[in-house]
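Novice:
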Amino acid sequence: MIAQALRIGEHSARIGEHEDTLELTLRGDVSPDEAARFLDFMASHFAGQRYMLITGDVSQLGRVPAESRRTVFKQSGRVPPIRGLVYYRATFAGRVMTELVLRGYAIATGADIAAHFVDEEAEARAWLARRREQLAREHG
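So for the sequence shown, our numbering puts the first residue at 49; every next one is plus one.
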């Protein structure tokens, strides 16, 4: 059985109420080992899916060092394309870290990621619902 939630250091990952959604809480720096464990979790749960969506609270996100970003880039082929990402409560630094990771991911995979930042979780859930509808129209 695949775990539906995982604690990784001070961070957590869990499958959302929709099977296509990963919900993250990122607290502090993300080490290369933690990045690899996130990808392991994503690969085990989202295998065979056309895409995945990501949301989460990044109000306490620290640094994502270059080595951690390289881990994401190198292992990004193990997971379905990320077709939407919406983080809430992001600080300016958290937005910058997210943009750095997404740029590398996009270069590594060729994915076109719709990324958005909002203030609260309810706004993030509403954005995800709209994105899910848009993807459903695209995929017929």
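Glycine is no exception: its CB is placed at the ideal position from the N, C-alpha and C atoms.
Note that the coordinates shown come from a computational prediction; the quantities given were computed from them, not determined experimentally.
Roughly how many angstroms lie between the CA atoms of Met90 and Val127, to the nearest whole one?
Specialist: Here residue 90 corresponds to residue number 42 of the sequence shown, with the count starting at 1. Here residue 127 corresponds to residue number 79 of the sequence shown, with the count starting at 1. Distance between the alpha carbons of Met90 and Val127: 6 Å.
Novice: Going by Cα to Cα distance, which pick from Val120, Arg98, Pro80, Ile63 is closest to Glu186?
Specialist: Working through the sequence shown from its first residue, we reach residue 186 at position 138. Among Val120, Arg98, Pro80, Ile63, the Cα nearest to that of Glu186 is on Arg98.
Novice: Could you have a look at Asp164 and say whether DSSP puts it in helix, strand or coil?
Specialist: Against the sequence shown, residue 164 aligns to sequence position 116. The displayed chain sequence assigns His, not Asp, to residue 164. In the structure shown, His164 sits in a strand (DSSP, three-state: E or B).
Novice: Starting from Thr139, trace the beta strand (DSSP E) in both directions and tell me its first and last residue.
Specialist: For the purposes of this step, residue 139 is taken as the residue at position 91 of the sequence shown. It is not in any beta strand (DSSP E) - Thr139 carries neither H nor E in the DSSP assignment.
Novice: Using a threshold of 8 Å, state whether the C-beta atoms of Thr119 and Tyr135 are closer than that.
Specialist: Within the sequence shown, numbered from 1, the residue matching residue 119 stands at position 71. Within the sequence shown, numbered from 1, the residue matching residue 135 stands at position 87. With respect to the 8 Å criterion, Thr119 and Tyr135 are not classified as neighbours on the basis of their beta carbons.
Novice: Suppose you measure from the CA of Phe86 to the CA of Ala61; what does that come to, to the nearest Å?
Specialist: Counting from one through the sequence shown, the residue named residue 86 turns up at place 38. Counting from one through the sequence shown, the residue named residue 61 turns up at place 13. Taking the straight line joining both Cα atoms gives about 7 Å.
Novice: Going by C-alpha to C-alpha distance, which of Ala83, Ser124, Asp88, Ile102 sits closest to Tyr153?
Specialist: The residue you call residue 153 lines up with position 105 of the sequence shown. Nearest of Ala83, Ser124, Asp88, Ile102 to Tyr153, Cα basis: Ser124.
Novice: Bridge partners for Leu109 per DSSP, in chain order?
Specialist: The residue given as residue 109 occupies position 61 in the sequence shown. Leu109 is bridged to Gly76.
Novice: In angstroms, rounded to a whole number, what distance separates the CA positions of Ala172 and Leu148?
Specialist: Reading the sequence shown from its first residue, position 124 is the one you call residue 172. Reading the sequence shown from its first residue, position 100 is the one you call residue 148. Spanning the two alpha carbons is a distance of roughly 21 Å.
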